[in-house]
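Numbering (this note's numbering), first residue to last: 157 to 319. We put the beta carbon where it would ideally sit given N, CA and C, even for glycine.
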Ligand SMILES: Cc1cc2nc3c(=O)[nH]c(=O)nc-3n(C[C@H](O)[C@H](O)[C@H](O)COP(=O)(O)O)c2cc1C
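Right, here's the structure in full:
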């Protein structure tokens with residue numbers, strides 16, 4: 157039966173295809189090896205990420221804040237899901253929770269095969285705006301909120317890497 161609701165089907169949603177562009181965002185808790193410095197762990201992660209992601213046309217952004225990682229991965233659907241499964245099994249973090257997995261019409265983080273960003277005090281306004289300052293709990297964000305957070309981080313990220 158045809159729906160008479162004029163809003164029905166008004167938002168075209170592309171079919172997820174294995175080769176189609178997909179975006180996945182997850183949040184996880186940092187779980188650093190004893191004695192390990194966060195910036196060294198992150199540097200190692202980024203070096204491996206750039207190498208692997210470039211080969212698979214994956215781009216993205218890794219937010220490092222308050223004991224959390226929040227990462228966006230975007231690229232061909234099968235590659236993104238395969239990469240995410242490997243990442244989720246990495247002992248340097250735990251409890252990875254997928255916040256968004258959606259077909260995407262364009263890359264939001266296409267400048268980087270991977271780039272890490274931590275937030276400084278000067279970035280508090282950003283967290284305020286996202287109501288994430290008092291208790292940074294990205295695992296409670298929905299897909300839209302998670303994408304908004306990472307896009308805001310993208311917009312304050314200059315050419316510098318982790319810092
Ligand atoms: C928070 C976090 C994010 C990561 N992101 C990526 C990534 O985007 N791409 C990647 O290849 N590896 C990433 N890794 C590392 C992988 O878990 C894994 O160590 C790596 O892919 C293995 O690389 P190798 O095949 O060169 O040994 C990440 C690890 C963590 C803890």
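How would you call residue i, buried or exposed, if buried means at least 16 neighbouring beta carbons within 10 angstroms?
i           : result
residue 302 : buried
residue 205 : buried
residue 239 : buried
residue 290 : exposed
residue 189 : exposed
residue 191 : exposed
residue 201 : buried
residue 196 : exposed
residue 294 : buried
residue 228 : buried
residue 235 : buried
Please say whether residue j and residue i have beta carbons closer to each other than 7 Å?
i           : j           : result
residue 292 : residue 216 : no
residue 230 : residue 260 : yes
residue 220 : residue 198 : yes
residue 233 : residue 313 : no
residue 187 : residue 248 : yes
Which residues bound the beta strand (DSSP E) around residue i?
i           : result
residue 272 : 272-274
Where do the N-terminal and C-terminal ends of the alpha helix (DSSP H) with residue i fall, by residue?
i           : result
residue 262 : No alpha helix (DSSP H) contains residue 262, which DSSP labels as neither H nor E.
residue 302 : 299-312
residue 282 : 280-285
Point to revise | Cβ pair count under 8 Å reaching 3, the segment 180-197 against the segment 252-264 | key: yes
Exercise for review: Examine the Cβ distances between the segment 254-266 and the segment 288-308 and report whether three or more of them are shorter than 8 Å.
Suggested key: yes
Check your understanding: Is it true that the segment 275-283 meets the segment 240-249, where meeting means three or more beta-carbon pairs spaced less than 8 Å apart?
Key -> no
Exercise for review: Pick out the complete alpha helix (DSSP H) segments inside the segment 177-253, 4 residues or longer, and give them in chain order.
Suggested key: 194-211, 233-244
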